[in-house]
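In mature numbering (1 follows the signal peptide of the UniProt record, and there is no 0), the protein residues as written are -20 to -1, 1 to 523.
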């Protein structure tokens, strides 16, 4: 009697997992979650700008705004020829009129009428003292005079050219990220429905939109295939379990008979109830539509930073569930029937002395030996291999991760663009400090004795008499003979004063003055160039 009581207690303990319905509710929830992750829209790439919560915008829109502001800064230092065209609407009303003037056509070679209209509007904002333009003029002190424009043109133009390069890199990387995300969505769609179903809708798939509906006739189900033929063992043939998530979701929820299909949801009722006979792809697609309606509604979009992690976790949950959802009635009676056989069963199955199987051909397959509402993936899970549709999920994850790297680079480049704009602003705001005139340079250097003067006095070192007789200063401490301080400027002034005095008529005096002015201008230009400021550096104005 004691042995009989012990036996019955064992049966009670081993069969506690038996349920009348919803045996695969956990697995169904896992596949629903993964299905939703792979079919819902992906959030667009954005960055947040501004104080507080800020405003979300795309990196490309952000850099275009930067470019618009920077172009006005660049136009502020434009050459006279550019300003002439932009200021005179009547004479230079369009591109054709500009091309007719050789003096200015070179500035607008690659521009269209629309470009010129836009540039003219920006020029007016810089030079007009009304409305929004007044704020720009007040902040930057525009319009600048020619001397300021000449001094600032080269550095501001250089920064603007760099900004154009950054903008182009942002555009390129944004397009690459979008292509990768689109490709990932196509890959994930194939994981859900298989290649044949996705091929006709491939060009309709967009990251920001829900996955388009597939054609019912292309649903991944064997034409005239019953439940066991499709689901009992996974394989690599088209429309078999293991080839598409949609197929496998049906497999763990359908019984191989005309009976209540309540393994996943008690309210799931396919239009065609009998799956112990052949069903068409269209009929299976109708059953799948009814089944996915039982998934918990999420309708949530995820970013490409979040989605790879969520997909990875969802796949891990599915694999962790394999071989765990079973009812044990007795120990295996041979080595071939040991629990190792069940390691890759997904869904409810029954364990007892004989080998377990995913044969759902019974009114209660979850309570019958060698039966189960499950999929046997054992044939696919060889070393280095995986379930085909899960391989596609991993491929999609890799594409999304690559896109995320491009997105991170793009957002960093927007920061670089902001830095370049700030430098351009700073130069314009410091224009009064940067405009060092040639006269200032001349004054700073005129008090220094010439090399000839220094050499003339140096030869009288240690000879005070000769030193002082030759208009030099003698240092008694060092015994050195040095040029007198300020004599260069005095001599220059004297020469300038006596220059006209030696001429007896007005014409000769005028010619002397003109020649001296030309010489002075040449000297100034040399000094400015020596300071790294080209007199007529051309601005890179528009892009």
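Glycine residues also receive a C-beta, built at the ideal position from the N, C-alpha and C atoms. If you're wondering where the values come from, they're calculated on a predicted model, not measured in any experiment.
Would you mind stating whether residue 297 and residue 5 have Cβ atoms separated by less than 9 Å?
Counting from one through the chain shown, the residue named residue 297 turns up at place 317. Counting from one through the chain shown, the residue named residue 5 turns up at place 25. Result no, Cβ atoms of residue 297 and residue 5 do not sit closer than 9 Å.
Endpoints, alpha helix (DSSP H) assigned at residue 163:
Walking along the chain shown from the start, residue 163 turns up at place 183. That run of the alpha helix (DSSP H) goes 126 to 173.
Starting from residue 373 and walking both ways along the alpha helix (DSSP H), at which residues does that stretch end?
Walking along the chain shown from the start, residue 373 turns up at place 393. Segment 368 to 409, the alpha helix (DSSP H) holding residue 373.
Which residues in the same chain as residue 13 place their Cβ atom closer than 6 Å to its Cβ, once the five residues preceding and following it in sequence are excluded?
For this step, residue 13 is matched to residue 33 along the chain shown. Cβ within range, chain order: 294.
Give me the Cβ distance between residue 226 and residue 199, rounded to the nearest whole Å; I'm assuming they're in contact under 8 Å.
Stepping through the chain shown from its first residue, residue 226 is reached at position 246. Stepping through the chain shown from its first residue, residue 199 is reached at position 219. About 7 Å separates the two Cβ atoms, so the contact holds.
Roughly how many whole angstroms lie between the Cα atoms of residue 146 and residue 405?
As a working note, residue 146 is residue 166 in the chain shown. As a working note, residue 405 is residue 425 in the chain shown. So the two alpha carbons sit approximately 17 Å from each other.
Starting from residue 252, trace the alpha helix (DSSP H) in both directions and tell me its first and last residue.
Here residue 252 is taken as the residue at index 272 of the chain shown, counted from 1. Note, residue 252: premise wrong, no alpha helix (DSSP H); not H, not E.
Runs of alpha helix (DSSP H) wholly within the stretch 193 to 242 (minimum 4 residues, chain order):
207 to 211, 225 to 231
In the DSSP output, which residue or residues are listed as bridge partners for residue 37?
The residue given as residue 37 occupies position 57 in the chain shown. Paired residues: 27.
Residue 56 by DSSP, collapsed to three states: which one?
Taking the first residue of the chain shown as 1, we reach residue 56 at position 76. Residue 56 falls in the coil class under three-state DSSP.
Which two residues bound the contiguous alpha helix (DSSP H) that contains residue 95?
Taking the first residue of the chain shown as 1, we reach residue 95 at position 115. It spans 93 to 107 - the alpha helix (DSSP H) in which residue 95 sits, taken as one unbroken run.
Quick one: what's got a C-beta closer than 7 Å to residue 442's C-beta in the same chain, skipping five residues either side?
Taking the first residue of the chain shown as position 1, residue 442 is located at position 462. Answer for residue 442: 459, listed in chain order.
Residues near residue 447 in its chain [Cβ-Cβ closer than 6 Å; skip 5 each side]
As a position in the chain shown, residue 447 is number 467, starting the count at 1. Within the same chain, residue 447 has close Cβ partners 440, 454, 461.
Would you mind reading off the limits of the beta strand (DSSP E) that contains residue 331?
Counting from one through the chain shown, the residue named residue 331 turns up at place 351. Here the beta strand (DSSP E) through residue 331 covers 325 to 331.
So, do the stretch 264 to 274 and the stretch 235 to 254 have three or more beta carbon pairs nearer to each other than 8 Å?
yes
For residue 292, which option in 375, 51, 49 has the closest C-alpha, if you only look at C-alpha atoms?
Here the question's residue 292 lines up with position 312 in the chain shown. With distances taken between Cα atoms, residue 292 lies closest to 375.
Looking only at its own chain, which residues have a Cβ that is under 6 Å from the Cβ of residue 242, when we skip the five neighbours before and after it?
Here the question's residue 242 lines up with position 262 in the chain shown. Taken in chain order, the residues that qualify are 1.
Along the chain, where does the beta strand (DSSP E) containing residue 462 start, and where does it finish?
Working through the chain shown from its first residue, we reach residue 462 at position 482. Its beta strand (DSSP E) spans residues 460 to 463.
C-alpha gap between residue 118 and residue 107, whole angstroms:
If you number the chain shown from 1, residue 118 lands on position 138. If you number the chain shown from 1, residue 107 lands on position 127. Spanning the two alpha carbons is a distance of roughly 11 Å.
Close-in-space but distant-in-sequence residues of the same chain around residue 135 (CB under 6 Å, 5 per side omitted)
Reading the chain shown from its first residue, position 155 is the one you call residue 135. The residues are 407.
For residue 170, does the count of other Cβ atoms within 10 angstroms reach 16, so buried, or fall short, so exposed?
Position 190 of the chain shown, counted from the first residue, corresponds to residue 170. With 16 or more other Cβ atoms within 10 Å, it is buried.
Would the beta-carbon of residue 365 fall within 9 Å of that of residue 350?
For the purposes of this step, residue 365 is taken as residue 385 along the chain shown, with counting starting at 1. For the purposes of this step, residue 350 is taken as residue 370 along the chain shown, with counting starting at 1. Going by C-beta atoms, residue 365 is not nearer than 9 Å to residue 350.
Starting from residue 357, follow the alpha helix (DSSP H) in both directions and report where the run begins and ends.
Against the chain shown, residue 357 aligns to sequence position 377. No alpha helix (DSSP H) contains residue 357, which DSSP labels as neither H nor E.
Within 8 Å, do at least three Cβ pairs link the stretch 92 to 103 to the stretch 66 to 78?
yes
Ignore the nearest five residues each way along the sequence and tell me which others in residue 336's own chain have a CB closer than 8 Å to its CB.
In the chain shown, the residue the question calls residue 336 occupies position 356. So the list reads 306, 317, 321, 322, 325, 329, 330, 350, 352, once near-sequence residues are dropped.
Identify which residue in 193, 214, 192, 191 has its Cα closest to the Cα of residue 202.
Locating residue 202 in the chain shown gives position 222, where the first residue counts as 1. Residue 202 has its Cα closest to that of 214, out of 193, 214, 192, 191.
Just grab the DSSP bridge partners of residue 455 for me.
Taking the chain shown and counting its residues from 1, the one referred to as residue 455 is at position 475. Answer is 460.
Are residue 188 and residue 21 close, meaning C-beta to C-beta below 9 Å?
Within the chain shown, the letter at position 208 stands for residue 188. Within the chain shown, the letter at position 41 stands for residue 21. For residue 188 and residue 21, yes; Cβs fall inside 9 Å.
Nearest-angstrom Cα distance between residue 16 and residue 176?
For the purposes of this step, residue 16 is taken as residue 36 along the chain shown, with counting starting at 1. For the purposes of this step, residue 176 is taken as residue 196 along the chain shown, with counting starting at 1. One C-alpha to the other measures close to 20 Å.
Proximity to residue 530 [Cα-Cα], best of 130, 193, 437
A query on residue 530 cannot be resolved here, the shown segment of the chain reaching from -20 to 523 and no further.
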